Amino acid sequence: MKVLKFGGTSMGSADAIQKVKRIVENCQAPVAVVVSAVGGVTDKLVKASGLAKAGKDYLPILNEIEATHQQIVNNLFDKETSEQVVEQAATVWKELQQVLKGVSLTNELSTKSYDTIVGMGERYSSLILSNLVEKAGLYDSRQFIKTELNGRGHHVKLNDTMQAIAELKFSMSEVAVFPGFIASNDKGENTTLGRGGSDYSAALLAAGLDAEMLEIWTDVDGFMSADPRVISRAYCIEHLSYAEAMELSHFGAKVIYPPTIIPVLQKQIPVKVKNTFNPDASGTLIDNDKEALQKVKGLSSIRDVSLLTLQGNGMIGISGISMRMFSALAKQDINIVLISQASSESSISVVLASEDVEMARLALIKEFEKEIARQEINGVSVEKEMAVVAIVGEGMKHTSGVSGQLFNDVGRNGINIYAIAQGASELNISFVIHEHDLRKTLNVVHEAFFLSQYQAIHMYQVGVGTVGKNLLQKIERQSERLLKTEHLSIRLAGLANSSQMIFNDRGLELDSAVDVLKHASPGNIEQFVSQIIANNHSNSVFVDCTASSLVAEQYERLLENNISVVTANKIAGSSAYDRYSKLKKTARQKGVKYLFETNVGAGLPIINTINGMVQSGDRILQLEAVLSGTLNYIVNNVSAEKPLSEVVIEAKEKGYSEPDPRIDLGGTDVLRKLLILARESDYALEEHHVEKEPFVPQEFFTDESVQDFIERLKGYDKAFEEMRSKAEARGRVIRYAASLKEGRAKVGFIEVDDSHPFYNLADSNNKVILRSDYYYDHPMEIKGYGAGADVTAAGVFADIIKVVNL
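Start counting the sequence shown at 358; every next residue gets the next number (the working numbering).
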């Protein structure tokens, strides 16, 4: 025998009830069927009871309920049968009207009256189904499920209930239909099992009938790994142990009412959660198999809770504090969701429903009035708008590293944890966060434990010039490979230029995002960053493909909000040392990344190499470098036949130089790169510490247009050619180089012969020579292309991947 339970959505319309009929008739008889009220009806009954108590007009709601059921009946049955069903239901409606009228006249709503009113929906829905399904009989659950008053609600008298149900199985129809939720007490008065009680009704029947299986039919495919309304990639869990299902239900998973598990657990009856609207889906099986192939099975949460804390040094070593605290709360019938106590015994925190927190606070103030007056206890503090997140899984038992991974991932995303609770059973790790961070937390944890084979980056890019466009193209081309080999998905969640911005939580289309941006809403960089912070996505990365100081000014704000920064923009790294240091420190404190490999050498691993040397205890003693691919291209291509001004135009057209070549020719670009390398090498240098010789004399740098500048630059062609030809006559070449030695930094021209590593440095190549404690006699050399949008975009791309892989 099976017991099938159908929820409110499964009974919500004539079409849905037809699906229920097919499912029931496909089962081998005998079968017991438990149904909830038609979806939404119980809420309306609750509302009607409140209006009646207040002496207000409840008849419109009653008419709505009646019309809903009448429409379902008319759609399910022919006219003759419809009239018969309505006639059978007349007794139910008459009783409902009488009770509501009595409440309205007395303005009193007793527990008995309330339970009678709110249980009417199940009585009517079960009547409908019993008339629709062949060989079905209708049974009154109140005759079998017995309760007694206990605190705020009714508790099932298990022995009496099990005995009554056991006697029933010898006289059941092939299909026995029961209303869920309703019960009765020893006096024969109507009672209920609480919201969600239809699940419990079904479990009690399954246990009493010794069923082979309990099937819970609902509107989802089963227990989900997380709330699919929050986590788009949540999936159905194929199997749970009883303990796992109970924990997930307690912590907010609405698939099953928490007490449901207890009766079937005691009888070892498997439970299958299925979808009425997708019956072919495998669903979730719940039984006693504690297979632990997956460490964490499910992720659940509870909203709208508050954290209440009792704290004070006078609590340390004093026995009975906890007992008094929990007794005071129990007297007020306040349910505690979570408990956390400091090992020093100086504080105890509990999580409660927000509606109970003020009552709880007053109860504790009264209980500890004397201790508070003596300042032994500081008082009772309350944190509102909180949420509890729980990860559940039998596989966590005796498995090291689960907590470490959990809290590392949560902390790295800037989520503050207020309290933690983990039982000795190691089945559940629960923690308290601010409700504002709930969506982000669920995404972070779900990705870490349930989709750990894939990681998603939410990328926000500013700048759609040659580097920015090239970067998007690379990501698009590499997206499939990243998923397969790096298990990484990069979502372009936002894109901006100097005056417009667009956002899409699920990711913009990479091939069309730049064109879409042209028609996007106006917005500046401050607004763009504010929206990124407000989005509060997990694994957020801000990518700067500009050379803007306004964009660089936003880095600290981003890092402070736990958003990693990847930048090709040299301004922040070469600004005042205090600012550079603050950015690095903030990134470390917040556990996010501040990566700027492309600030020097485009895609060459120069900064990363220096970082590795310094972190391993090495000390950079000397540094020589050709750091401008643009300027190296120029000195390599100027000749007697091709003057300086012509080569500068050529470099600009090929994308080697900045749109305004004066940025390169002034030597400022190389100076900034040298400053960054010096600082990464542990030298606290400022710009004024660097001796700089510009590539072109200072008098050429005016406020004129780029075109006018290049035209006037022709006047320097002869002087530059003389410098080059003189070096050539001596068997040397000129290079524009940077050096750092004994803390002294310099940028300018040098001449090198064929014995020098810079002599054969062709085209736009860069080269860095590092001498250190470990690499002095045989210095380390790094060489490669150091200019161009393609290699720069490749370097930025590599930094983005490092954000999650480091």
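For every residue, glycine included, the Cβ atom is placed at its ideal position computed from N, Cα and C.
None of these values were measured; they are calculated from a predicted model.
Limits of the unbroken alpha helix (DSSP H) element including residue i
i: ASP917; result: One point to set straight first is that residue 917 is Glu, not Asp, in the sequence displayed. Its alpha helix (DSSP H) spans residues 912–917.
i: SER470; result: 468–475
i: SER938; result: 934–947
i: SER1002; result: 1001–1010
i: LYS1124; result: LYS1124 -> not in any alpha helix (DSSP H); beta strand (DSSP E) instead, spanning 1122–1129.
i: PHE1077; result: 1074–1086
i: VAL708; result: Not the alpha helix (DSSP H): VAL708 falls in the beta strand (DSSP E), residues 704–710.
i: ILE678; result: 678–688
i: ILE722; result: 714–724
i: ALA870; result: 870–874
i: GLN762; result: 759–769
i: LYS647; result: Run containing LYS647: none; DSSP gives neither H nor E here.
Check whether residue i and residue j have beta carbons under 8 angstroms apart
i: LEU984; j: LYS1030; result: yes
i: LEU550; j: ILE522; result: no
i: SER887; j: MET858; result: no
i: MET368; j: VAL392; result: yes
i: VAL388; j: LEU361; result: yes
i: GLU479; j: PHE538; result: yes
i: GLY1012; j: GLY880; result: no
i: LEU466; j: TYR415; result: no
i: GLN779; j: ASN785; result: yes
i: VAL653; j: MET529; result: no
i: LEU1028; j: VAL1104; result: yes
i: VAL1153; j: ALA904; result: no
i: LEU940; j: GLU913; result: yes
i: ALA747; j: SER711; result: no
i: ALA568; j: ILE626; result: yes
i: ILE1157; j: ILE847; result: yes
i: LEU849; j: LEU865; result: yes
i: ALA591; j: MET581; result: yes
Assigned secondary structure, residue i (DSSP; H/G/I helix, E/B strand, else coil)
i: ASN896; result: coil
i: TYR817; result: strand
i: ARG496; result: Per the sequence shown, the amino acid found at residue 496 is Tyr instead of Arg. Three-state DSSP puts TYR496 in coil, outside helix and strand.
i: GLY1141; result: strand
i: VAL1063; result: helix
i: PRO1018; result: coil
i: THR641; result: strand
i: GLN884; result: helix
i: TYR990; result: helix
i: PHE1115; result: coil
i: ARG848; result: strand
i: ALA699; result: coil
i: GLN385; result: coil
i: ASP1156; result: helix
i: GLY974; result: coil
Buried versus exposed call for residue i [16 or more other C-beta atoms within 10 Å across all chains shown]
i: ARG552; result: exposed
i: LYS1075; result: exposed
i: THR842; result: exposed
i: LYS451; result: exposed
i: ALA1035; result: buried
i: LEU433; result: buried
i: THR425; result: buried
i: THR1059; result: exposed
i: GLN911; result: buried
i: LEU709; result: buried
i: GLN818; result: buried
i: TYR481; result: buried
i: PRO616; result: buried
i: ASN516; result: exposed
Those residues which DSSP pairs with residue i across a bridge
i: LEU361; result: VAL390 and GLU572
i: CYS593; result: MET581
i: ALA778; result: SER787
i: GLY1100; result: Per DSSP, none; premise fails for GLY1100.
i: MET743; result: VAL662 and HIS791
i: THR966; result: Note: THR966 sits in no beta bridge, so no partner.
Element boundaries [beta strand (DSSP E), containing residue i]
i: ARG863; result: Note, ARG863: premise wrong, no beta strand (DSSP E); not H, not E.
i: LEU665; result: 655–668
i: LYS950; result: First-last for LYS950: undefined, no H or E at that position.
i: THR518; result: First-last for THR518: 515–525, but that is the alpha helix (DSSP H), not the beta strand (DSSP E).
Near the ligand MN: residue i beta-carbon under 7 angstroms from a heavy atom
i: ASN968; result: Ligands in the displayed structure: none, and consequently the ligand MN is not present.
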